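See structure below.
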Amino acid sequence: MSDAKCSNTHSCPCTYPCHRHGKCCECVAYHNKYGELPGCFFSMSGESTYDRSLEALCRDRKIKIQ
């Protein structure tokens, strides 16, 4: 990731309290490192499962992968 400044203009909807809260670029990079997606990509009920996989996101958002 580049050293460019990341400007977050929206509130972070994720309910998990961590030091990356509201720092979108840092959060996405962290989760990507572990093959995960950030909680803010999910609905509130989807986020509460703590399953950050692509499969969980597709289930949560009712996306069918063929």
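Numbering of the sequence shown is given in my numbering, commencing with residue 1 and proceeding in unit increments.
Ideal placement from N, C-alpha and C gives every residue a C-beta, glycine not left out.
Everything numeric in this text was worked out from a predicted model, so none of it was measured.
Query	Result
Contacting residues, own chain, Cβ-Cβ under 8 Å from H31 (five flanking each side not counted)	L37, P38, R52
Per-residue burial, E47 [other beta carbons within 10 Å of its own, 16 or more giving buried]	buried
6 Å CB neighbourhood of M1 in its chain, flanking five on each side removed	Only weak support is given to the placement of M1: the predicted model assigns it a pLDDT of 47, under 50, and the question is left unresolved by the model.
Pairwise C-alpha distance: P13 and D60	16 Å
C18 vs C6 beta-carbon contact at 8 Å	no
Reference K23; option with closest CA among L54, C40, Q66	C40
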